[in-house]
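**Student:**
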Amino acid sequence: MRTRLFAAAVAAATALTLSPAVASAAPAPVTDVEINVPVSNSVAFDVTFDGGAAQNVGLPELRKLRGQMWDLNPYFTLGTSNPEGYHLRDVAESFGLTTKEAYANAAHLDHGLTRIAVQRAAEHGAVSIQPHVRPDGTSAFTATYRNSSASGGESLASGRNLKDSVSKGWGHGELLALNASRGVWNYSNGHLHQMLNPSNRYYGFGEVYVPWTVHRVHTSAQASKTPLGGQPLAEGTQRTWLYRAPKPGEAPTGYKQGTPGELNPLATPAGAAGSSKAWNTIAIILSVLSVLSFLARFIPQIAPQLGALLPR
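Residues -25 to -1, 1 to 287 (mature numbering (1 follows the signal peptide of the UniProt record, and there is no 0)) make up the sequence shown, in order.
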């Protein structure tokens, strides 16, 4: 009976995650992801990323998170309610994943999803107020690879590196919300639910440094029940032009020759994690200077009163 209930829940969840087919325009240079406009009408923007971060950071952190959640065994269901009180292991076992190792290692890296993740992380810096909308206002699911295959689910973050995004922002940070909903997906636990869903077997990850954006470091995870395939991005940190559709009223740049410049040390995989910390430190310093400026103006006004209080 439990197996039949799980099968019905899986069918419902699958129907909810299907995305509509979209008309293709042109894939972007570097990522080969659809950007909805010809490259000649696109906007080039300066980014730095490591194509190997998905394999070296994203996937290991996801498998680690899955292992930790197996031990914690929170409420989990693929249905719209959970009156039976199913937990994560119950659902995983219904997919044939009967051990911690089998469940954690059932998550695999997909190169097509990783290309979409890099493209979407970069685009997120341009439209971070609307997280699952592309710069031209279209759905995130228009970001197809090879003009046909889209992700089944998307997670985005800004101001965190990829490691922290997976383990904290999309992971343990949503555990209370997952248990509070008895494992039912909602907007407070959706990232973690996507990471733990046993029917999601393929993932892609991207961490992109985009200067002149508020948080500078932007990350993305893409999930799917089936692989997209494709070629891997080159490993190693590179600074290059990526391309996106213009925002409403924004002038296109078209294709740009060459590279934007030398690598920025803040944008290396180690530095990217600390870039938001660096900006936090700068913000603290500016706050202190603001307070000192206020005191410099205010103290002369109260100096006579303070002098009267001092012992003579």
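No residue lacks a Cβ here, since even glycine has one placed at the ideal position from N, Cα and C.
Keep in mind the model is a prediction, meaning the values are calculated, not measured.
Put P173 into one of helix, strand or coil per three-state DSSP.
**Tutor:** It is coil, neither helix nor strand.
**Student:** Give every residue of the same chain whose Cβ lies closer than 6 angstroms to the Cβ of Y61, excluding the five residues on either side of it in the sequence, and list them in chain order.
**Tutor:** So the qualifying residues of the chain are T52.
**Student:** Return helix, strand or coil for S69, following the three-state DSSP convention.
**Tutor:** It is helical.
**Student:** Measuring alpha carbon to alpha carbon, tell me which residue in V189, V192, V183, W187 is nearest residue 298.
**Tutor:** The chain is shown from -25 up to 287; residue 298 falls before or after that span and cannot be answered.
**Student:** Run through the DSSP bridge pairs and tell me what E9 is partnered with.
**Tutor:** E9 is bridged to P2.
**Student:** Please work out which residues of its chain come closer than 6 angstroms, Cβ to Cβ, to D65, disregarding the five sequence neighbours upstream and downstream, and give them in chain order.
**Tutor:** Cβ neighbours of D65 beyond the five flanking positions: none.
**Student:** Hey, quick one: how far does the alpha helix (DSSP H) through A79 stretch, first residue to last?
**Tutor:** Here the alpha helix (DSSP H) through A79 covers 75 to 80.
**Student:** Throw me the rounded Cβ distance for the E129 and A115 pair, which I believe falls under 8 angstroms.
**Tutor:** Contact flag correct, Cβ pair sits at about 5 angstroms.
**Student:** Restricting to runs no shorter than 4 residues, where is the alpha helix (DSSP H) found entirely within the stretch 144 to 222?
**Tutor:** Qualifying alpha helix (DSSP H) stretches, in chain order: 150 to 155, 165 to 171.
**Student:** Buried or exposed: which applies to A247, given that a residue is buried once 16 or more other Cβ atoms fall within 10 Å of its Cβ?
**Tutor:** Its pLDDT being 44, under 50, A247 is placed unreliably by the model, and nothing is read from it.
**Student:** Going by other Cβ atoms of all chains shown within 10 Å of its Cβ, with 16 needed for buried, is S15 buried or exposed?
**Tutor:** With fewer than 16 other Cβ atoms within 10 Å, it is exposed.
**Student:** Note down, one range per segment and in chain order, each beta strand (DSSP E) of at least 3 residues found wholly within the stretch 81 to 121.
**Tutor:** Runs of the beta strand (DSSP E) inside the stretch 81 to 121: none found.
**Student:** Any idea if L47 is buried or exposed, counting beta-carbon neighbours within 10 angstroms, 16 or more meaning buried?
**Tutor:** With fewer than 16 other Cβ atoms within 10 Å, it is exposed.
**Student:** What three-state label does DSSP hand A125 in the structure shown?
**Tutor:** Of the three classes helix, strand and coil, the one that applies to A125 here is coil, per DSSP.
**Student:** Of the residues L34, G229, S126, S56, which one's Cα is nearest the Cα of G87?
**Tutor:** Checked all of L34, G229, S126, S56; the closest Cα to G87 is S126.
**Student:** Which same chain residues, not among the five before or five after P202, have their C-beta less than 6 angstroms away from its C-beta?
**Tutor:** Result list for P202: D85, Y177, in chain order.
**Student:** Spatial neighbours of G204 within its chain, please: CB distance less than 6 angstroms, with the 5 preceding and 5 following residues excluded, ordered by chain position.
**Tutor:** Here the set comprises G87.
**Student:** Can you tell me which of the three DSSP states S17 falls into?
**Tutor:** In this structure, S17 counts as coil in the three-state DSSP scheme.
**Student:** Tell me, which residues are paired with A28 by DSSP?
**Tutor:** Answer by DSSP bridge pairing: none, since A28 is not bridged.
**Student:** By a C-beta neighbour count over all protein chains shown, 10 Å radius and 16 as the cutoff for buried, is E225 buried or exposed?
**Tutor:** Exposed is the call here.
**Student:** Below 7 angstroms CB to CB, which residues in the same chain sit around I91 once its five sequence neighbours on both sides are set aside?
**Tutor:** Answer for I91: V8, A118, Y120, S126, G179, Q197, listed in chain order.
**Student:** To which residues of the same chain is P227 closer than 7 angstroms at the C-beta, ignoring the five residues directly before and after it?
**Tutor:** Cβ neighbours of P227 beyond the five flanking positions: N16, S17, V18, P221.
**Student:** When DSSP labels each residue in this structure, what does G42 get in the three-state scheme?
**Tutor:** Note: G42 maps to helix in three-state DSSP.
**Student:** Around the Cβ of E149, are there at least 16 other Cβ atoms within 10 angstroms (buried) or fewer (exposed)?
**Tutor:** Flag for E149 reads buried.
**Student:** Within a Cβ cutoff of 7 angstroms, which residues of the same chain sit near R38, ignoring the five residues on either side of it in sequence?
**Tutor:** Within the same chain, R38 has close Cβ partners A79, N80, A82.
**Student:** Among W45, V12, D25, G27, which has the Cα closest to the Cα of H147?
**Tutor:** Nearest of W45, V12, D25, G27 to H147, Cα basis: W45.
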